[in-house]
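Take 0 as the starting number for the sequence shown in numbering that gives the first Met the number 0 and just add one per residue.
By construction, the Cβ of each residue, glycine as well, lies at the ideal position given by its N, Cα and C atoms.
Worksheet: one structure, shown below.
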Amino acid sequence: MTVRILLFAGLRERLRSDWVELELPEGATVAELLSALGDAHPPLRELLPPCRVAVEQEFVAAGHRVRAGDEVAVIPPVSGGHGPVEPGPVEPAADDHFYLGAEPLVLDRVIAAVERRQAGGVVTFIGKVRDHSRGHAIDHLEYEAYAPMALKVMRQIAAAVEAEVAGASVAVHHRLGRLAIGEAAVVIAAAAPHRAEAFAACREVIERLKRDVPIWKREVAVDGTTWVVQGP
């Protein structure tokens with residue numbers, strides 16, 4: 000069977016392609032797919048061990064069996080990336096709770112999405128572009144995403160946190176594309192009846208977002224050097 004595999008961040012840059020096709024036996028597992036991908040494209044081999052695989056925009060285990068026609072994506076560790084970013088069109092969210100796109104983020108809009116009469120506490124987190132990293136002066140950051148899955152996972156994280164934290168309501172907005180020093184890359188708001196729950200919900204959302212949402216960044220220094228940033 001022929002399987003088309005979407006590539007992101009360093010994988011995409013290494014092959015200079017957004018996707019590749021592989022011929023695999025019927026019923027091949029994700030582990031077999033990754034092995035075949037490394038054999039077919041040796042430049043990717045060293046980058047694959049920490050990667051996860053998503054099928055139909057859901058993370059799957061190594062033993063998951065792939066079918067012809069599945070949407071398969073190899074997901075490098077999130078919060079790091081390579082190459083120039085082209086944000087492209089992003090599916091608009093049904094309300095202001097979730098946003099992913101190139102427009103600057105507005106704190107008041109994120110707060111308004113979660114505020115309600117029962118909320119005694121509203122906690123916000125703003126992740127901004129800093130001017131130094133790893134001993135270099137930073138010129139700008141570039142963010143890219145597997146956009147449909149990123150929005151899907153953002154919604155899943157919010158639903159899970161709202162189910163775990165009594166009375167919580169959360170909203171997440173994230174930028175894509177080129178960001179200048181001082182610009183907001185992510186804004187999160189969490190409302191709850193009391194401050195403890197609001198703080199807990201906000202912290203849990205950013206921790207899960209940094210771990211599971213397929214968004215990558217690279218840092219570009221003033222001297223022109225660039226590097227991947229893994230983790231928050």
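For a quick check, are the C-beta atoms of residue i and residue j less than 8 angstroms apart?
i: V204; j: V160; result: yes
i: S132; j: E218; result: yes
i: G176; j: Y142; result: yes
i: V65; j: V29; result: yes
i: V54; j: L5; result: no
i: E114; j: A190; result: yes
i: V186; j: L104; result: yes
i: G37; j: L23; result: no
i: L43; j: L21; result: no
i: V59; j: L33; result: no
i: I137; j: L106; result: no
i: A8; j: W215; result: yes
i: M0; j: A67; result: yes
i: A118; j: P192; result: yes
Based on DSSP bridge pairs, tell me the residues matched to residue i.
i: T225; result: V219
i: H139; result: A179 and V219
i: G126; result: V185
Three-state secondary structure (DSSP) at residue i?
i: F7; result: coil
i: L47; result: coil
i: L178; result: strand
i: S132; result: strand
i: E55; result: coil
i: R64; result: strand
i: L99; result: strand
i: V169; result: strand
i: D107; result: helix
i: A190; result: strand
i: E161; result: helix
i: L23; result: coil
i: G37; result: helix
i: A72; result: strand
Exposed or buried, which one is residue i when buried takes at least 16 other CB atoms within 10 Å?
i: V174; result: In the sequence as displayed, the identity of residue 174 is Arg instead of Val. Buried, since its Cβ has 16 or more Cβ neighbours within 10 Å.
i: R194; result: exposed
i: P75; result: buried
i: L10; result: buried
i: E45; result: exposed
i: P41; result: exposed
i: P83; result: Caution is warranted here: a pLDDT of 38 is assigned to P83, below 50, making its placement in the model unreliable, and no coordinate value can be reported.
Going by beta carbon distance, what residues of the same chain come within less than 8 angstroms of residue i, once the five residues before and after it are set aside?
i: F97; result: L150, M153, R154, A157, A170, V171 and H172
i: A179; result: V128 and H139
i: P49; result: P75 and P76
i: D222; result: H135 and A136
Does any CB atom of chain B fall closer than 8 angstroms to the CB of residue i?
i: V221; result: Of the protein chains in this structure there is only one, and it is not chain B.
Tell me which same chain residues have a C-beta within less than 6 angstroms of the C-beta of residue i, skipping the five on either side of it?
i: S168; result: V113 and A190
i: V164; result: E196, A199 and A200
i: A188; result: V109, I110, V113, T123 and A170
For residue i, which residues in the same chain have their Cβ closer than 7 angstroms to its Cβ, ignoring the five residues on either side in sequence?
i: W18; result: R3, I4, L5 and L6
i: A61; result: T28, V29 and A30
i: A220; result: H135, A136, I137 and D138
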